[in-house]
Each structure stands twice: as structure tokens, then as C-alpha cells.
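**Student:**
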């Protein structure tokens, strides 16, 4: 049984590797806007679920011949703050504005995971769920914010922060699963694997 | 200004490195039992504070000549569950018993940090504080627990679990700061550094 990660995210891959799994990585060519347009006024939960499912299904179809016995995991995450969904800031100016809004406040990291099981090249089971983790932001000084923006880190990550990099100094705490915030929830993935009849420990690399 | 970590913990060092700081590592020879005995019926908070202070002070005295301008950070952590303080299980049998108790329940990770500032070889400022993070344990199956114990990971860590290794699959969530659970709280360290007049960003390695 192969573990296939349907995501290009190096952060998700790093979380899985640190937790004993060396997945095969395949990136779906899913058109996220097209998936969103097929839904009628979706809630954020419906949207991340649909995207996670679409990614897992696209990759499963691609790899079924090569890896006929596999579990394919699709993921989608979004950070919301004050009702707005926040993507990657892209520029230091946008990242600075975001941090001025977020400092001292709380955001919500919503993640959706879909797990699809292939047996003999055929999809036999599929399950999906969402999870939310609350992130409490600290209040960096302007001197700290200048230094953080100058590193470039916050520009390239959703919400403009990390908890496992330089951003960890400026996150006061979370309520939920820390791996969710990095990009893939280990406890949720374990639960979904269980629902399709696979124990995660049987996917660990030899030696743990 | 040098950042000196008064701890032998590879997990603490890894947290700091991932967060942009390359500390000098010096391990104090503090006799933890002797520190505890000098206190009259201490609370867990008083105990971790006293140990964190003792470690920072011992290392500061040692390194003052070599690194006259430095901040020395001492840390002490304990996990309590149902009123008991849990150390490293040591054996698979003890780790299994612990997990049977902890599964589905919540523990409390109490951490104490002390920051001592040296200027020109003299201690000019010192501050210390504690922080608690709640850890919610999932319920591994016996098959999963067998596999986890067989890796050896839980035997060698306080409380018999990690959130940044294989144990991450079996921790449902936390309420607090994830770096606290790994061993050193980044937001608390940042706050204590600020109290002795040092911004953490000025301790980041060149390039962040």
C-alpha cells in the first residue's frame, strides 16, 4: 500500500516525513476556480472539501496504473481572519497590512482532507472531512515586523505567517492541531485512513 | 549579543534553528534534586521556574568571560496528567501503561523559561516566567500503539509522546503554543528577551 500525497507543498511533505511517512508526491492539475464555480454559493467548509476531493480524485486517476494499491490524500487549506479569506500576501506591503490587522487577534485555519483508497487500480473507498484550528497572533513591534518582512518568509505563505519557521516567534498560541497549521493534519489524516481501512503505522517507513 | 541555550535538548535546539537562531549550546551541571530540595513544598510552577533560573545562572557564570555580551536562556518542562508529573517512560512497558491512561484524555505541559542578560561579563538583568499548554491525546489502537512503541520514540521523551515526530499522529490537538510542547516556547522566549531589552530579530542569523 503506497501513500500518495496529492500536493506540491514542501511544508506538507516535511510534516509527513517527520512523522515517519515517505509519500509519493503527485501534483494534480485541478483547476481550482472551475471546481469552485461548480458549487452554488459554497461555505468555506464545502469549498475546501470539494477541492481536497478533486485533487485526490485527479491524482488517483493518474497513478492507478502505476500504483494500483495506494491511498491518495488531497488537501486544501484556507486562513480566515475577520471573515476574510487570506491567501499569500505576495508583497511586503500586503504582508505588513495583514500583520497590522492580525496582531493581537485570532484567525481560523480551515483545512479539508480527502482520502481515496485504490485496490488493484480501482477506487474502492473515499472519505473526507474538515478541521479548524484557531491561531492567536502576538503583536510584533515595527522593528520585528520590518525584520520579518525582510526575510521574505511571510510573503510566500498563506496568511503571511508560519508556526514552524520564523513566524513562530509571533504566534502566541493555537487551539487545535499544530500540523493543520503547517498544512496537513496528522490526526485527521490518521482518522480518514482508518475510515478506509488503513492504519497509518502500516505506511511508516521501515524503522519508523 | 550571543544567544546561549542552557540545555542539552536536541529538540529545543531544532526549534530555535528552524526559527532563525543558531544558539551557542552550554549544558549546566545543575543538580536538579538539590534545587528542588531547597524549596519548601514548591508548586509545579515554582519548581520549573527555579530550575530554569538555576540552569541559566550556572551557564551564565561559566560563559561570562568567553561571551561577555550574551543572553542565556534556561528551560525546564514537565508534563502532568491527572495530577501526576510524567517523565520519560524509559521502557516500552511503562510507555504502554502511560498511553492506556492518556488516550482520549488531556495533559498539561508546564514550561518555565529564564532569560539572563550579560553585558561586559556582568549579569545586568534577569527575568523568568511559566506557560502551560494543554495537550489532547487521541486514542491509538493496540496495533498502532505496538508499532509506536517498537520505534522507541516514546520511551525517550517526557510524557511518552511528541508532536513533531511519530507521536503527531496520536495527538488530537493542543491549546497553547506548539513550540512549548516541543521544548522551548518561542513566544514566551521573545517576551522575556524583550523584558531584558533584546529583540529576538537582532539574534537571527544573517539572512533570517
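Protein chains in written order, with the numbering used here: chain A, 1 to 208; chain B, 209 to 416. C-beta: ideal position from N, C-alpha, C; glycine also.
(1) Could you tell me which chain B residues have their CB closer than 9 Å to the CB of residue 106 of chain A, listed as they occur along the chain?
(2) Taking the C-alpha atoms as reference points, what is the distance between residue 226 of chain B and residue 167 of chain A?
(3) So, is the C-beta of residue 403 of chain B closer than 8 Å to a C-beta in chain A?
(4) With which residues is residue 324 of chain B paired in a DSSP beta bridge?
(5) How would you call residue 301 of chain B, buried or exposed, if buried means at least 16 neighbouring beta carbons within 10 angstroms?
(6) Residue 287 of chain B CB to nearest chain A CB: under 8 Å?
(7) What residues from the segment 367-381 of chain B come within 8 Å of chain A, judged by C-beta to C-beta, listed N to C?
(8) Reducing DSSP to helix, strand and coil, say where residue 315 of chain B ends up.
(9) Could you give the distance in angstroms between the alpha-carbon of residue 118 of chain A and the alpha-carbon of residue 286 of chain B?
(10) Using a Cβ-Cβ cutoff of less than 7 Å, which residues in the same chain neighbour residue 298 of chain B once the five nearest sequence positions on both sides are dropped?
(11) Could you check if residue 43 of chain A is buried or exposed, using at least 16 other CB atoms within 10 Å of its CB as the buried criterion?
(12) Relative to the alpha-carbon of residue 304 of chain B, which residue among B:367, B:280, B:255, B:281 has its alpha-carbon at the smallest distance?
(13) How many angstroms separate the CA atom of residue 56 of chain A from the CA atom of residue 260 of chain B?
(14) Label residue 110 of chain A either buried or exposed according to how many other C-beta atoms from any shown protein chain fall within 10 Å of its C-beta, with 16 as the threshold for buried.
(15) DSSP on residue 39 of chain A, reduced to helix/strand/coil?
(16) Strictly under 8 Å for the Cβ-Cβ distance: is residue 190 of chain A near chain B by that measure?
(17) Between residue 205 of chain A and residue 41 of chain A, what straight-line distance do the alpha-carbon atoms span, to the nearest angstrom?
(18) Anyone know if the C-beta pair for residue 133 of chain A and residue 177 of chain A falls short of 8 Å?
(19) Counting contacts by CB-CB distance shorter than 8 Å, is residue 211 of chain A in contact with chain B?
(20) Can the beta-carbon of residue 320 of chain B be found closer than 8 Å to that of residue 284 of chain B?
(21) Given residue 45 of chain A, which residues of its chain have a CB within under 6 Å of its CB, disregarding the five upstream and five downstream residues?
(22) Taking only the alpha-carbon atoms, compute the straight-line gap between residue 409 of chain B and residue 217 of chain B and give it to the nearest angstrom.
(23) Please identify, using Cβ separations under 9 Å, the residues of the segment 60-75 of chain A that lie next to chain B, in order along the chain.
(24) With contact counted as at least three CB pairs below 8 Å, one residue from each stretch, are the segment 227-246 of chain B and the segment 174-192 of chain A in contact?
(25) In chain A, which residues lie less than 9 Å from residue 406 of chain B when you measure between Cβ atoms?
(26) Taking its Cβ as the centre, do 16 or more other Cβ atoms sit within 10 Å of residue 143 of chain A, making it buried, or is it exposed?
(27) Taking Cβ positions, are residue 404 of chain B and residue 279 of chain B nearer each other than 8 Å?
(28) Which residues of chain A have a Cβ atom closer than 9 Å to the Cβ of residue 311 of chain B, listed in chain order?
**Tutor:** Well, looking at it:
(1) At a beta-carbon threshold of 9 Å, none of the residues of chain B lie near residue 106 of chain A; the nearest stands roughly 12 Å away.
(2) The alpha-carbon of residue 226 of chain B is positioned some 10 Å away from that of residue 167 of chain A.
(3) Judged by the 8 Å Cβ criterion, residue 403 of chain B is not in contact with chain A.
(4) DSSP output for residue 324 of chain B lists B:280, B:334 as bridge partner(s).
(5) It is exposed - the Cβ of residue 301 of chain B has fewer than 16 other Cβ atoms within 10 Å.
(6) Interface residue (Cβ-Cβ distance to chain A less than 8 Å): residue 287 of chain B is not classified as such.
(7) Taking 8 Å as the Cβ-Cβ cut-off against chain A, the residues of the segment 367-381 of chain B that qualify are 371, 372, 373, 374, 376, 377, 378, 379, 380, 381.
(8) It is a strand residue.
(9) C-alpha separation (whole angstroms): 43 Å.
(10) These residues qualify, in order along the chain: 363.
(11) Its Cβ having fewer than 16 others within 10 Å, residue 43 of chain A is exposed.
(12) Ranking the options by Cα distance to residue 304 of chain B, first place goes to B:367.
(13) If I take the Cα positions, the gap works out to 47 Å.
(14) So residue 110 of chain A ends up on the buried side.
(15) Look at residue 39 of chain A here: in three-state DSSP terms it is coil, with no helix or strand label.
(16) The C-beta of residue 190 of chain A comes closer than 8 Å to at least one C-beta of chain B.
(17) Roughly 42 Å separates the two Cα atoms.
(18) Yes.
(19) With chain A represented from 1 up to 208, any question about residue 211 of chain A goes unanswered, as that position is not in the structure.
(20) Yes, the Cβ-Cβ distance between residue 320 of chain B and residue 284 of chain B is below 8 Å.
(21) Closer than 6 Å at the Cβ level, and outside the excluded window around residue 45 of chain A, lie 130.
(22) Residue 409 of chain B and residue 217 of chain B have their C-alpha atoms spaced approximately 22 Å apart.
(23) The segment 60-75 of chain A vs chain B, Cβ under 9 Å: nothing.
(24) They do not touch, by the three-pair rule.
(25) In chain order: nothing, as chain A lies at least about 11 Å away.
(26) Around the beta-carbon of residue 143 of chain A, fewer than 16 other beta-carbon atoms lie within 10 Å, marking it exposed.
(27) Between residue 404 of chain B and residue 279 of chain B, the C-beta spacing is below 8 Å.
(28) Neighbours of residue 311 of chain B on chain A: none; closest Cβ ~13 Å, over 9 Å.
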